[in-house]
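In order, the protein sequences belong to chains X and F.
Be aware that the first sequence starts at 70, since it is given in the numbering used here, and climbs by one per residue.
Be aware that the second sequence starts at 1210, since it is given in the numbering used here, and climbs by one per residue.
Beneath this line is the structure, given in structure tokens, with notes to follow.
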Amino acid sequence: MATWHRVADEAELKLDTPLGLRIGEVQIAVVRLDDGIFAVNDVCTHEYALLSEGFCEEGKLECPLHQACFDIRTGKALNEPAEVPVATYPTKVEGGAVYVQV
Amino acid sequence: MTRVVIIGAGQAGRRCAEALRERDAEATIILLGEEPHPPYDRPPLSKAVLLGTDPGNGLFVRAPEFYAEKRIDLRLNTRAAAIDVAARQVVTEAGERIGWDQLVLATGATARRLRIPGADDPRVMTLRTMADAEALKARLATRPRLAVVGGGLIGLEVAASARQLGCEVHVLEAADRLMARCVTPAISDRFAALHRDKGVALHLGCALTAIEPADGALLLQAGEARIAADLVVVGIGGVPNTALAEAAGIAVQDGILTDAQGRTGIPGIYAAGEVARLPHAFWDARPMRLEAWQVAQNQPVAVARAIAGEDAPYDEIPWHWTDQFHWNLQVLGDPDPAYRLVERAEGEKLTAIALDDQGRARGAVLINNGRDATPCRRLIAGGKALDAAALADIATPLRNFL
């Protein structure tokens, strides 16, 4: 059963600056883009690496190891070496706090 | 309908086949591979495969059914023995003749062998193929004392994996520092410290002269030094597989000579991946043969475009990486030791940018700092003069310099 988890203060999240965090067994990258706050699985589908440690711009998160890019809004793998998308998670902002549903 | 035969079903052969299919729905595409496996990428062989960890999607990038779906006629266990240029046919080892309109040589490279007494002992191995990796993995399971000959990327990755598996590990390097071909001395020193800290015994400036059987083990001789080991892995570079091309009269010089898009001197014949030596825009069109994942990934796409009649030279800024223990090293462009190196360090993370005498970025080395790879690539591509002092200030994000 998916539940909402409070992950950050809204003010903490700066544009294009991913926040990596863990909810139970799930590692998540939370990113503020110009049209909202999004959450994707933080682990690259190519080899193990945290996407939150990668470069972020124009709605894309780039794996810091081998430079596969993922669409932060949809999770889609945009270029090799990754082929498989990362999972996305619903987010919401309430009372100045950011929540992710996992 | 064009009939394209690709010799070599490694990463380069796969990339060429799939890029061709994207451009030509009708072409007959035949991909010939010597090995029993469908195409795989080699980087995991020295790490995930040896360690027995999940290589994710990084080994067999495509599912087995991909090739049939894309109507790529993948023929495994098929070794090309000759190219009949006049008849436009490939002759396989089994004697079959396969006709082509366009031929791509994606024959890759072979691990260079040691030429010293004792190097033919079966306990002296190289690592190049899946079969090599599986054989090495099986031997490492008995926790042998391992001697790695060559302190380059493959050697150090094998050393790190073996150490993580609990083996005693020695690395013998003829040069006075590690990875001398691809990083500056300061970076070599950092990696030497990492390996020593993890318990790897490094022997630098160590010229191996013989390997002798002794007491059921092997004794490696280098000057006065004697190193005992149960297993030796040799990682001293690759030799391009050019014999087929040479026999067919295609110009060869440490690689198959091509133009910037992989065309050889014979119309309709191309070379793809690390076997090709091509004039590289990054080095003012100097002929280069690069052994890197990036080249195997993208140069064959330029070849496919040449076959499709497009003019699209291969001109990427060079990039390669290595993963050793918990360190990821990425090298972009040409961080020649002769350039001025500006370091942006933060704990174990480092970005070092090589500036030429005009202050233009020519290369970069990143340790555990992949976030800087794209900004560095853009700095190198931009060719703008940079202020070294400002660049050294880590409080200023790299993207501010773009």
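Just so it is clear, CB atoms sit at the ideal spot from N, CA and C, and this is done for glycine as well.
So which of V1367(F), D1520(F), P1422(F) has the shortest CA-CA distance to G1444(F)? Among V1367(F), D1520(F), P1422(F), the Cα nearest to that of G1444(F) belongs to V1367(F).
Determine whether the Cβ of F107(X) lies closer than 7 Å to any Cβ atom of chain F. Cβ-Cβ to chain F under 7 Å: no for F107(X).
What residues in the region 1513-1532 of chain F have a beta carbon less than 9 Å from any beta carbon of chain X? Of all residues in the region 1513-1532 of chain F, only W1528, W1530, D1532 place a beta-carbon less than 9 Å from a beta-carbon of chain X.
Within 7 Å, strictly: CB atoms of T1316(F) and I1216(F): Contact flag set, yes.
What residue from A1340(F), A1485(F), L1381(F), A1410(F) has the CA that sits closest to S1255(F)'s CA? When only C-alpha atoms are compared, the closest one is A1340(F).
Presumed contact (8 Å Cβ cut-off) between A1570(F) and A1561(F), rounded CB distance: Rounded to whole angstroms, the Cβ separation of A1570(F) and A1561(F) is 11 Å, and the two are not in contact under 8 Å.
Scan the region 117-131 of chain X for residues whose Cβ lies nearer than 9 Å to a Cβ of chain F and list them as they occur along the chain. Answer set for the region 117-131 of chain X: Y117, A118, E122, G123, F124, C125, E126, E131.
Give the residues of chain B in contact with V153(X), contact being defined as C-beta atoms less than 9 Å apart. Although the question refers to chain B, the structure presented lacks it and instead comprises the protein chains X and F.
Using a beta-carbon distance cut-off of less than 9 Å, what residues from the region 73-97 of chain X approach chain F? Contact annotation: in the region 73-97 of chain X, no residue has its CB less than 9 Å from a CB in chain F.
M1339(F) in three-state terms, based on DSSP: In the structure shown, the three-state DSSP call for M1339(F) is helix.
What is the DSSP secondary structure of V153(X), reduced to helix, strand or coil? Coil at V153(X), not helix or strand.
Segments of 3+ residues assigned as beta strand (DSSP E) that fall wholly inside the region 1259-1305 of chain F: You should have 1281-1284, 1289-1293, 1298-1301.
Does the region 1426-1441 of chain F touch the region 1267-1275 of chain F, meaning 3 or more C-beta pairs lie closer than 8 Å? Fewer than three Cβ pairs drawn from the region 1267-1275 of chain F and the region 1426-1441 of chain F lie within less than 8 Å of each other, which leaves the two stretches out of contact.
Assuming A1485(F) and G1464(F) make a contact with CB atoms under 8 Å, what is their CB distance in whole Å? Yes, they are in contact, since the Cβ atoms of A1485(F) and G1464(F) sit about 6 Å apart, within 8 Å.
Are there three or more Cβ pairs, one per stretch, closer than 8 Å when the region 1577-1592 of chain F is compared with the region 1525-1534 of chain F? Contact between the region 1577-1592 of chain F and the region 1525-1534 of chain F is present, because at least three Cβ pairs lie under 8 Å.
Determine, for L134(X), whether the minimum Cβ-Cβ distance to residues of chain F falls below 7 Å. So, interface residue.
Identify the contact partners of E163(X) in chain F, using a Cβ-Cβ distance below 9 Å as the criterion. Residues of chain F with a Cβ closer than 9 Å to the Cβ of E163(X) do not exist, since the nearest Cβ in that chain sits about 30 Å away.
By the three-class DSSP mapping on this structure, what secondary structure does Q1470(F) have? Residue state, collapsed to three classes: coil.
Compare the C-beta of R1580(F) against all C-beta atoms of chain X and say whether one is closer than 7 Å. Using a CB distance cut-off of 7 Å, R1580(F) counts as an interface residue toward chain X.
Check for me: the beta strand (DSSP E) holding R1332(F) runs from which residue to which? It is not in any beta strand (DSSP E) - R1332(F) carries neither H nor E in the DSSP assignment.
Collapsed DSSP secondary structure at K1179(F) in the structure displayed: Given that chain F is displayed from residue 1210 to residue 1611, the structure contains no residue 1179(F) and the question cannot be resolved.
Alpha carbon to alpha carbon, how far is A1257(F) from S1370(F)? Give it in angstroms, no decimals. Roughly 8 Å between the two C-alpha positions.
Can you tell me which of N1578(F), V1512(F), Y1479(F) puts its alpha carbon nearest to the alpha carbon of L1314(F)? Among N1578(F), V1512(F), Y1479(F), the Cα nearest to that of L1314(F) is on Y1479(F).
What would DSSP say about R1354(F), mapped onto helix, strand or coil? Note: R1354(F) maps to coil in three-state DSSP.
Contact belief for V153(X) with A77(X) at Cβ below 8 Å, rounded distance in angstroms: Incorrect: roughly 27 Å between the Cβ atoms, too far for contact.
Quick check on N1507(F) - is its C-beta less than 7 Å from some C-beta in chain X? Chain X, which has no Cβ nearer than 7 Å to the Cβ of N1507(F), makes this no.
Does the beta carbon of T114(X) sit closer than 7 Å to a beta carbon anywhere in chain F? Yes, its Cβ sits closer than 7 Å to a Cβ of chain F.
When the Cα of A1469(F) is compared with those of H1489(F), T1583(F), A1454(F), which residue comes out closest? Nearest option by C-alpha distance: H1489(F).
Compare the beta carbon distance of P1247(F) and P1273(F) with 7 Å and say whether it is the shorter of the two. At the C-beta level, P1247(F) and P1273(F) come within 7 Å of one another.
Answer yes or no: do T1287(F) and T1301(F) have a C-beta to C-beta separation smaller than 7 Å? Their beta carbons are under 7 Å apart, which means T1287(F) touches T1301(F) by this criterion.
Within the same chain, show all residues whose beta-carbon is closer than 7 Å to that of V1392(F), passing over the 5 residues directly before and after it, in chain order. Here the set comprises V1540, P1544, V1574.
With P1496(F) as the anchor, note down where its alpha helix (DSSP H) starts and where it stops. In this chain, P1496(F) is not harboured by any alpha helix (DSSP H); it is covered by the beta strand (DSSP E) spanning 1495-1497.
Beta-carbon spacing of M1334(F), G1361(F) below 7 Å: No; because the gap between Cβ atoms is not below 7 Å, this pair is not in contact.
Does the structure place the region 1400-1414 of chain F close enough to the region 1378-1385 of chain F that three or more beta carbon pairs sit under 8 Å? Judged by Cβ distances under 8 Å, the region 1378-1385 of chain F makes contact with the region 1400-1414 of chain F, as three or more pairs qualify.
Counting C-beta neighbours from all protein chains within 10 Å, is the total for K129(X) 16 or more, i.e. buried, or is it exposed? With at least 16 other beta carbons inside 10 angstroms of its own, K129(X) counts as buried.
Between N1450(F) and chain X, is any beta-carbon pair separated by less than 7 Å? So no, N1450(F) is outside the interface.
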